[in-house]
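Undergrad: In order, the protein sequences belong to chains X and U. In terms of numbering that gives the first Met the number 0, the first sequence is numbered consecutively and its last residue is 429. In terms of numbering that gives the first Met the number 0, the second sequence is numbered consecutively and its last residue is 178.
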Amino acid sequence: MSSHSNYNPTNPVEKWFDERLPLIRFSKEHLMDFPTPKNINYWWTMGAVLAIVLVVQIVTGIILAMHYVPNIEMAFDSVEHIRRNVNYGRIIQGTHAVGASMFFFAVYIHMFRGLYYGSYKAPREILWILGVIIFLLMMATSFLGYTLPWGQMSYWGATVITNVFSAIPLVGTPILEFLRGGFVVDNPTLNRFFSLHYLLPFIIAAVVALHIWALHVPGNGNPTGVEVKSNADTIPFHPYYTMKDLFVIVVFFIPFAWFVFFAPDILGHADNYIRANPFVTPAHIVPEWYLLPFYAMLRAVDFDVLFINAKLGGVIVMFGSILILMVLPWLDKSKTRSGNYRPMFKPFFWLFVLNFLMLMYLGAQVAEGIYVILSKVGTAYYFGYFLIVLPILARIETPKPLPNSISESILDKHEAKAAKKIQIGGEGNE
Amino acid sequence: MATNVKNDPTRRDFLYVTTAAVGAVGAAAAVWPLIDQMNPDATVKALAVIEADLSAIEVGQSVTFKWRGQPIFIRHRTAAEIETAKAVPLEDMIDPQTDAERVIAGHEQWLVMVGICTHLGCVPLGQKPDDLKGDFNGWFCPCHGSHYDSAGRIRKGPAPKNLLVPPYEFMSDTLVKIG
Ligand code: HEM
Ligand code: FES
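1) Check SER194 of chain X in the structure and name its three-state DSSP category.
2) Mind pulling the beta strand (DSSP E) runs of 3 or more residues that sit fully within the region 395-420 of chain X?
3) Can you name, in chain order, every residue of its own chain whose Cβ lies under 6 Å from the Cβ of ASN428 of chain X, other than the five neighbours on each side?
4) Any chance you could list the residues with Cβ under 7 Å from a heavy atom of the ligand ADP, keeping chain order?
5) How far does the beta strand (DSSP E) with THR94 of chain X in it reach, from first residue to last?
6) Is the beta carbon of LEU392 of chain X sitting closer than 8 Å to the one on MET343 of chain X?
7) Residues in the region 62-79 of chain U with C-beta within 7 Å of chain X's C-beta atoms, listed in sequence order?
8) Where in the region 276-325 of chain X do unbroken runs of the alpha helix (DSSP H), each at least 4 residues long, occur, reported from the N-terminal end onward?
9) Using the beta-carbon count (16 or more within 10 Å), is PHE201 of chain X buried or exposed?
10) Got a sec, what are the start and stop residues for the beta strand (DSSP E) ASN136 of chain U sits in?
11) Anyone know if the C-beta pair for GLY68 of chain U and PRO277 of chain X falls short of 8 Å?
12) Buried or exposed: GLN452 of chain X, going by 16 or more other Cβ atoms within 10 Å of its Cβ?
13) Just to confirm before moving on: does the CB-CB distance between MET152 of chain X and PRO292 of chain X stay below 8 Å?
14) Hey, does GLY181 of chain X have any beta-carbon neighbour from chain U nearer than 8 Å?
15) Compute the Euclidean distance between the alpha carbons of ILE167 of chain X and LEU311 of chain X, then round it to the nearest angstrom.
16) So what does DSSP say about LYS65 of chain U, is it helix, strand or coil?
17) How about the region 132-145 of chain X and the region 216-231 of chain X: do they share at least three Cβ pairs that are nearer than 8 Å?
18) Are the Cβ atoms of VAL316 of chain X and VAL163 of chain X separated by less than 8 Å?
19) Grab me the residues of ILE248 of chain X's own chain with a C-beta within less than 7 Å of its C-beta, minus the 5 sequence neighbours each way, in chain order.
20) Under a CB-based cut-off of 8 Å, is GLY120 of chain U close to chain X?
21) Could you name the residues of chain X that ASN136 of chain U contacts, counting a contact when the two beta carbons are closer than 9 Å?
22) With burial defined as no fewer than 16 other Cβ atoms inside 10 Å of the residue's Cβ, what is the status of PRO238 of chain X: buried or exposed?
23) Can you tell me where the beta strand (DSSP E) with LEU202 of chain U in it begins and where it stops?
24) Among U:ILE34, U:VAL58 and U:ALA47, which has the Cα closest to the Cα of LEU110 of chain U?
25) If you follow the alpha helix (DSSP H) that ALA262 of chain X is part of, which residue opens it and which one closes it?
26) For LEU322 of chain X and LYS44 of chain U, I'd like the C-alpha separation in whole angstroms.
27) With DSSP as the reference, please indicate the residues paired to THR36 of chain X in a beta bridge.
28) Alpha carbon to alpha carbon, what distance is there between ALA27 of chain U and VAL16 of chain U?
29) Got a sec? Which residues, its chain only, sit under 6 Å from ALA1 of chain U by beta carbon, not counting five neighbours each side?
30) Compare the C-beta of LYS412 of chain X with all C-beta atoms of chain U and state if any pair is closer than 8 Å.
31) Among X:THR146, X:ASN221 and X:ALA205, which one has its Cα closest to the Cα of GLY267 of chain X?
32) Establish whether the CB of GLY144 of chain U and some CB of chain X are separated by less than 8 Å.
33) I'd like to know whether the C-beta of TRP155 of chain X is nearer than 8 Å to at least one C-beta of chain U.
34) What residues of chain U sit near ARG191 of chain X, judged by a beta carbon separation below 9 Å?
35) If we count the other Cβ atoms within 10 Å of its Cβ and call it buried at 16 or more, is ILE36 of chain U buried or exposed?
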């Protein structure tokens with residue numbers, strides 16, 4: 000898409016530069032003039048929020064790394080030092096820790112948007128898969144970062160999650176020792192986790208660039224799921240969507256700031272303010288809230304299936320729950336993208352959202368009694384939605400008629416509104 | 000000429016393939032150190048042998064030692080515990096092992112194990128008198144609810160294996176070398 004720029008450098012220096020490196024032209028095409036459907040709603044603003052939060056994490060993280068010490072003797076104290084002594088350290092550390100939660104909050108909205116509006120369908124499969132890769136990298140990054148303060152939850156979280164790899168038959172233990180650099184989580188582990196925690200956000204940034212590249216080939220989707228047909232369907236990205244996105248970013252930063260200033264620890268776990276102790280496991284290990292649904296699915300498998308024992312089964316289910324998203328474009332074959340036009344899809348989708356929230360709740364409960372049963376039901380629905388519900392709906396559902404174009408759908412809405420007004424007016428006259 | 004190009008490998012093809020093969024081997028050899036550096040280093044491995052003095056451990060008491068950074072549970076078992084552990088039929092177990100397979104003959108009262116749950120690596124409770132000991136009066140892992148019996152065998156819960164018995168030998172009646 001290179002035809003939509005009206006960049007005509009007049010200044011000879013700009014012209015000279017443009018002929019050698021068309022950087023300004025590129026920015027204008029992709030960040031300013033990019034034709035964007037005129038009907039996209041607020042669910043389409045999370046991408047911009049995510050980009051900003053990534054920048055916030057990188058900036059605050061680089062600052063934290065100037066004061067943080069990745070050594071088991073000093074890590075815990077160095078984080079306390081940042082919070083108590085470093086100028087503005089309390090705010091910067093708080094922003095980074097809360098930022099991770101806000102990041103996931105935004106990414107979940109972004110992903111559910113995709114699930115509802117069928118954003119993963121052709122021709123956006125690669126765009127979607129890149130998104131799933133970013134999500135995996137985010138989970139890895141936050142897990143590695145959570146280890147760094149070296150509190151009790153840091154240590155035991157790292158122990159339990161690295162142990163997941165020991166479930167792999169035959170090579171499990173060598174892989175475990177390879178990842179930890181020892182027989183248990185220890186100083187070598189903390190050191191490499193710090194190195195990788197510093198690295199991954201930059202890899203995320205690179206994958207985000209690919210994600211946006213893949214976005215700008217077909218262009219944005221929109222709530223009708225009908226592709227752009229003419230210029231009448233679009234408006235330029237700037238100023239229309241830059242301003243709309245900026246508005247949402249400002250709104251998003253209000254709760255963000257509230258957490259940082261008034262409740263920086265509320266999203267974390269109190270046990271992480273106890274120094275790591277390799278000899279005492281906390282009574283109740285819970286991951287951060289944003290990993291809970293997957294943790295619930297890991298624990299839901301407490302039975303053997305053929306030659307797969309419960310431990311390996313749980314690990315397969317946990318990784319499978321994310322990898323299944325990668326093949327989603329080929330599981331949901333319904334031609335209609337948007338959930339707005341799919342009457343049978345809608346209730347199953349909202350049930351899926353509720354089910355995800357239920358799993359999030361269950362991941363924080365003890366693995367006993369009713370909680371285990373509900374976790375199993377929740378896990379079954381999670382996979383059933385992708386493997387059974389969506390493929391069957393694609394065959395049997397009759398979607399509602401689609402508008403001919405984006406502009407038409409907007410006009411129809413206006414006409415309907417106008418008609419309603421006349422009706423109401425008419426009634427009032429009687 | 001044309002058929003020659005299509006069917007018979009030429010001297011040039013041979014050179015291409017061998018060059019690529021040698022290059023691949025060289026690249027793999029160069030990458031290996033970059034990977035292997037992640038494995039446990041010499042200092043980590045050097046801590047791999049300890050001696051534990053058992054003389055002060057009373058009957059019915061448990062003590063935790065440290066070996067390779069891991070907790071080692073040593074329990075001086077009571078006669079009753081040994082009896083119950085021996086009486087369990089193998090088919091009741093998840094990872095069947097007789098009591099005799101988990102101790103050294105002549106020292107049955109001493110149970111020596113790595114105190115790490117074989118599920119996902121938490122340290123089970125049961126070393127202190129007032130700890131939870133689970134349904135089988137041994138150890139209980141609070142993380143996801145694994146119950147171990149008085150021989151450290153998994154009896155209930157998600158853990159697949161019995162608590163690991165490390166390599167150890169008795170130097171005297173009250174001194175063991177672990178590792
Ligand atoms: C993808 C973006 C990132 C995410 C999701 C993320 C997440 C996290 C999380 C959850 C923590 C634990 C916070 C706590 O509980 O106190 C943490 C700590 C830390 N992160 Fe990041 N991080 C990101 C980027 C970065 C970057 C780019 C750096 C730069 C080197 C960095 C450096 C650090 C340091 C030094 C700590 C330890 C201090 C502390 O605990 O606050 N992070 N990170
Ligand atoms: S780690 Fe012990 S039960 Fe999961």
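Glycine residues also receive a C-beta, built at the ideal position from the N, C-alpha and C atoms. As the structure is a prediction and not an experimental result, all values here were calculated from the model.
TA: According to the structure shown:
1) The residue labelled residue 194 of chain X in the question sits at position 195 within the first sequence. Of the three classes helix, strand and coil, the one that applies to SER194 of chain X here is helix, per DSSP.
2) none
3) Translated into positions along the first sequence, residue 428 of chain X becomes position 429. With a pLDDT of 44 at ASN428 of chain X, under the threshold of 50, the predicted position of this residue should be treated as unreliable, and no value is reported.
4) In the structure on display, the ligand ADP does not appear, and the ligands it does have are the ligand HEM and the ligand FES.
5) Indexing the first sequence from 1 puts residue 94 of chain X at position 95. Looking at the DSSP string, THR94 of chain X is not in any beta strand (DSSP E); the run it does join, the alpha helix (DSSP H), is 88-116.
6) Translated into positions along the first sequence, residue 392 of chain X becomes position 393. Translated into positions along the first sequence, residue 343 of chain X becomes position 344. Contact: yes.
7) THR63, ARG67, GLY68, GLN69 and PRO70
8) 291-299 and 309-325
9) The residue labelled residue 201 of chain X in the question sits at position 202 within the first sequence. Exposed.
10) For this step, residue 136 of chain U is matched to residue 137 along the second sequence. Residues 136-140.
11) Stepping through the second sequence from its first residue, residue 68 of chain U is reached at position 69. Stepping through the first sequence from its first residue, residue 277 of chain X is reached at position 278. Result yes, Cβ atoms of GLY68 of chain U and PRO277 of chain X sit closer than 8 Å.
12) Because residue 452 of chain X is not part of the residues shown, which for chain X are 0 to 429, the question remains open.
13) One-based indexing of the first sequence puts residue 152 of chain X at position 153. One-based indexing of the first sequence puts residue 292 of chain X at position 293. No, they are not a contact pair.
14) As a position in the first sequence, residue 181 of chain X is number 182, starting the count at 1. Closer than 8 Å: yes.
15) To locate residue 167 of chain X, count along the first sequence from 1; it is residue 168. To locate residue 311 of chain X, count along the first sequence from 1; it is residue 312. Each residue's alpha carbon lies about 7 Å from the other.
16) As a position in the second sequence, residue 65 of chain U is number 66, starting the count at 1. Strand at LYS65 of chain U.
17) no
18) Working through the first sequence from its first residue, we reach residue 316 of chain X at position 317. Working through the first sequence from its first residue, we reach residue 163 of chain X at position 164. In this structure, VAL163 of chain X does not lie closer than 8 Å to VAL316 of chain X by Cβ.
19) The count along the first sequence starts at 1 and reaches residue 248 of chain X at position 249. Hits under 7 Å: ALA47, VAL48 and ILE51.
20) Here the question's residue 120 of chain U lines up with position 121 in the second sequence. Answer yes: the Cβ-Cβ gap between GLY120 of chain U and chain X drops below 8 Å somewhere.
21) In the second sequence, the residue the question calls residue 136 of chain U occupies position 137. Per Cβ cutoff of 9 Å: no residues; ASN136 of chain U is ~19 Å from chain X at best.
22) Looking up residue 238 of chain X in the first sequence gives position 239. Under this definition PRO238 of chain X is an exposed residue.
23) The requested residue 202 of chain U does not occur in the structure, where chain U is confined to residues 0 to 178.
24) Here residue 110 of chain U corresponds to residue number 111 of the second sequence, with the count starting at 1. Comparing Cα-Cα distances from LEU110 of chain U to each of U:ILE34, U:VAL58 and U:ALA47, the minimum goes to U:VAL58.
25) If you number the first sequence from 1, residue 262 of chain X lands on position 263. That residue, ALA262 of chain X, is in no alpha helix (DSSP H); it is neither H nor E in DSSP.
26) Residue numbering aside, residue 322 of chain X sits at position 323 when the first sequence is read from its first letter. Residue numbering aside, residue 44 of chain U sits at position 45 when the second sequence is read from its first letter. Roughly 36 Å separates the two Cα atoms.
27) By 1-based counting over the first sequence, the position of residue 36 of chain X is 37. The sequence as given places Pro at residue 36 of chain X; Thr does not occur at that position. The partner list for PRO36 of chain X (beta bridge, DSSP) reads X:THR233.
28) For the purposes of this step, residue 16 of chain U is identified with residue 17 of the second sequence, where counting begins at 1. For the purposes of this step, residue 27 of chain U is identified with residue 28 of the second sequence, where counting begins at 1. Spanning the two alpha carbons is a distance of roughly 17 Å.
29) In the second sequence, residue 1 of chain U corresponds to position 2, counting from 1. Note that ALA1 of chain U scores 49 on pLDDT, short of 50, meaning its location in the model is unreliable; the coordinates nonetheless yield the value given after this. Once the five neighbours on either side are set aside, ALA1 of chain U has no close Cβ partner at all.
30) Within the first sequence, residue 412 of chain X is the residue found at index 413, counting from 1. So, not an interface residue.
31) As a working mapping, residue 267 of chain X is identified with position 268 in the first sequence. GLY267 of chain X has its Cα closest to that of X:THR146, out of X:THR146, X:ASN221 and X:ALA205.
32) Locating residue 144 of chain U in the second sequence gives position 145, counting from the first residue. Closer than 8 Å: yes.
33) Residue numbering aside, residue 155 of chain X sits at position 156 when the first sequence is read from its first letter. So, interface residue.
34) Walking along the first sequence from the start, residue 191 of chain X turns up at place 192. In chain order: MET37.
35) The residue given as residue 36 of chain U occupies position 37 in the second sequence. Note on residue identity: the sequence assigns Gln, not Ile, to residue 36 of chain U. Classification of GLN36 of chain U: exposed, given that the 10 Å Cβ count is below 16.
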